[in-house]
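These notes concern the structure reproduced below.
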Amino acid sequence: MDIDVGLAAIEEASRKLSNWGRWGKDDHSGTLNLVTPQDIVDAAKLIKTGRTFALGIPLDREGPQNGLFGGRFNPIHQMLATGTDAITGQQDWNKIRYADDTLNLCVQGATHWDALGHIFYEDKAYNGHDPRHINARGLNVLGIEHSKSKMSGRGVLLDIARFRGVDWLKDGESISNDELDACAKAQGVEIRRADFVILRTGQMERCLAEGEWGGYAGGDAPGVKFENCYWCHEKEVAAICSDTWGVEVRPNETTEANQPWHWVVIPAMGLCMGEIFYVKELAEDCAKDGVYEFFFCGPPLIITGGTGSPINPQAIK
Numbered sequence: 316m317d318i319d320v321g322l323a324a325i326e327e328a329s330r331k332l333s334n335w336g337r338w339g340k341d342d343h344s345g346t347l348n349l350v351t352p353q354d355i356v357d358a359a360k361l362i363k364t365g366r367t368f369a370l371g372i373p374l375d376r377e378g379p380q381n382g383l384f385g386g387r388f389n390p391i392h393q394m395l396a397t398g399t400d401a402i403t404g405q406q407d408w409n410k411i412r413y414a415d416d417t418l419n420l421c422v423q424g425a426t427h428w429d430a431l432g433h434i435f436y437e438d439k440a441y442n443g444h445d446p447r448h449i450n451a452r453g454l455n456v457l458g459i460e461h462s463k464s465k466m467s468g469r470g471v472l473l474d475i476a477r478f479r480g481v482d483w484l485k486d487g488e489s490i491s492n493d494e495l496d497a498c499a500k501a502q503g504v505e506i507r508r509a510d511f512v513i514l515r516t517g518q519m520e521r522c523l524a525e526g527e528w529g530g531y532a533g534g535d536a537p538g539v540k541f542e543n544c545y546w547c548h549e550k551e552v553a554a555i556c557s558d559t560w561g562v563e564v565r566p567n568e569t570t571e572a573n574q575p576w577h578w579v580v581i582p583a584m585g586l587c588m589g590e591i592f593y594v595k596e597l598a599e600d601c602a603k604d605g606v607y608e609f610f611f612c613g614p615p616l617i618i619t620g621g622t623g624s625p626i627n628p629q630a631i632k
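Position one of the sequence shown corresponds to residue 316 (this note's numbering), numbered consecutively onward.
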């Protein structure tokens with residue numbers, strides 16, 4: 316597609332691709348409604364060996380957040396009770412010796428889902444919900460809790476880096492709809508309705524190999540072009556996920572909007588989106604056996620009114 320990306324293109328795509336009202340006026344789940352019980356049953360049949368791949372990154376101080384976007388920070392893990400407390404008698408009053416801890420984190424600081432109330436288009440959120448219902452007490456509409464039982468189905472990996480014959484794409488390199496289709500064809504896999512599509516650019520692997528996150532969580536990145544919103548709508552995917560921080564290419568294709576693809580896929584389409592996925596081991600296994608489809612499961616934490624949720628999604632082959 317040849318799109319002159321800007322506010323006009325965003326408005327046009329938002330109008331043409333809107334899913335408002337498709338699943339009812341009170342819908343809070345968007346494209347996850349595409350997944351039926353039979354889809355999950357069929358996806359479970361893809362499990363042949365039981366090989367399981369964790370797609371989340373650790374929740375620790377070594378994560379990618381450095382405040383580059385929105386002041387996000389890496390998880391802060393603190394102990395409330397320790398083994399030292401136990402052996403020095405500090406817990407004997409309670410007649411039990413134990414360890415306990417706490418975790419303070421940004422819900423979108425590591426591997427995560429975005430909730431549908433995360434992005435607005437002008438004065439509306441997905442399905443016409445009023446952003447004023449999203450306030451200091453949380454998301455009274457479109458919170459991540461609405462996805463608590465809707466995150467299982469057929470997963471498909473599109474290994475764009477391997478398709479191009481490189482270890483990783485360079486920051487700023489974009490992925491077209493035609494390339495997504497060509498990659499799927501080369502891998503012998505078909506994108507179907509209700510799929511959870513996972514893209515590998517290799518950007519995270521580059522950062523891990525270099526031992527430096529740099530601008531990973533807010534800076535330039537490889538990713539899909541704006542036109543991808545049309546691809547996701549046509550394919551009727553349940554979700555799209557990536558090993559980058561924002562799925563779409565940065566620098567963006569326009570200076571008129573920050574993250575223009577986000578402007579369409581979340582508030583207009585209600586498309587479920589996963590970010591900062593770790594896919595190296597899954598990709599290596601897919602390349603080895605030539606099987607790029609699997610059972611996918613990645614339920615969010617039930618954070619009432621959350622704009623997203625940290626996850627450790629699983630791909631099972």
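All C-beta atoms in this analysis are idealised placements derived from N, C-alpha and C, irrespective of residue type, glycine included.
On a predicted model such as this, the values are computed, not experimentally measured, just so you know.
For residue 316, count neighbouring C-beta atoms within 10 Å of its own C-beta (all shown protein chains included) and say buried if the count is 16 or more, exposed if not.
That one is exposed.
What alpha helix (DSSP H) runs, 4 residues minimum, are completely inside the stretch 491-549?
Complete alpha helix (DSSP H) runs here, min 4: 492-502, 518-525.
Relative to the ligand FMN, is the shortest distance from any of its heavy atoms to the C-beta of residue 600 smaller than 6 Å?
What this structure holds is no ligand at all, so the ligand FMN is not there to describe.
Give the secondary structure of residue 563 by DSSP, where H, G and I count as helix, E and B as strand, and everything else as coil.
Of the three classes helix, strand and coil, the one that applies to residue 563 here is strand, per DSSP.
Taking the alpha helix (DSSP H) that residue 601 falls in, what are its first and last residues?
Where residue 601 is concerned, the enclosing alpha helix (DSSP H) starts and stops at 595-604.
From which residue to which residue does the beta strand (DSSP E) around residue 609 run?
Annotation for residue 609: the continuous beta strand (DSSP E) segment containing it runs 608-612.
Among 330, 377, 572, 430, the one whose alpha carbon lies nearest that of residue 622
Comparing Cα positions, the closest option is 430.
Just confirm the distance between the C-beta atoms of residue 468 and residue 369, as a whole number of angstroms; I'd bet it's less than 8 Å.
Cβ-Cβ separation between residue 468 and residue 369: approximately 18 Å, too far for a contact (criterion under 8 Å).
DSSP state of residue 632, grouped into three classes?
Look at residue 632 here: in three-state DSSP terms it is coil, with no helix or strand label.
In whole angstroms, what separates the C-alpha of residue 438 from that of residue 481?
Going by the C-alpha atoms only, they are around 42 Å apart.
Please tell me whether residue 346 and residue 585 are closer than 7 Å, where the distance is taken between their beta carbons.
In contact: residue 346 and residue 585 (Cβ atoms closer than 7 Å).
With DSSP collapsed to three states, give me the class of residue 462.
Residue state, collapsed to three classes: helix.
At which residues does the beta strand (DSSP E) containing residue 471 begin and terminate?
It spans 467-474 - the beta strand (DSSP E) in which residue 471 sits, taken as one unbroken run.
Would you report the Cα separation of residue 538 and residue 555, rounded to the nearest angstrom?
When rounded, the distance between both Cα atoms is 12 Å.
Three-state secondary structure (DSSP) at residue 454?
Strand, per DSSP.
Helix, strand or coil for residue 392 per DSSP?
The answer is strand: DSSP assigns residue 392 an E or B state.
Work out the CA separation of residue 399 and residue 354 for me, nearest whole Å.
Going from the Cα of residue 354 to the Cα of residue 399 covers about 50 Å.
Does the stretch 417-425 touch the stretch 625-632, meaning 3 or more C-beta pairs lie closer than 8 Å?
Contact annotation: the stretch 625-632 touches the stretch 417-425, with at least three C-beta pairs closer than 8 Å.
DSSP puts residue 439 in a beta bridge; with which residues?
Looking at the DSSP assignment, residue 439 forms a beta bridge with 436.
Helix, strand or coil at residue 357 according to DSSP, with G and I counted as helix
Residue 357 falls in the helix class under three-state DSSP.
Alpha helix (DSSP H) segment containing residue 398, residue limits
Here the alpha helix (DSSP H) through residue 398 covers 398-402.
For residue 487 and residue 545, the rounded distance between their alpha carbons
The straight-line gap separating the alpha-carbon atoms of residue 545 and residue 487 is approximately 21 Å.
In terms of residue numbering, what span does the beta strand (DSSP E) encompassing residue 590 cover?
Note, residue 590: beta strand (DSSP E), 587-590.
Within a Cβ cutoff of 6 Å, which residues of the same chain sit near residue 610, ignoring the five residues on either side of it in sequence?
Spatial neighbours of residue 610 in its own chain (CB-CB distance under 6 Å, excluding positions within 5 residues in sequence) are listed in chain order as 358, 359, 361, 362, 631.
Cutting at 8 Å between CB atoms, please list the residues of its own chain near residue 391, excluding the five before and the five after it.
Correct list, in chain order: 376, 418, 419, 420.
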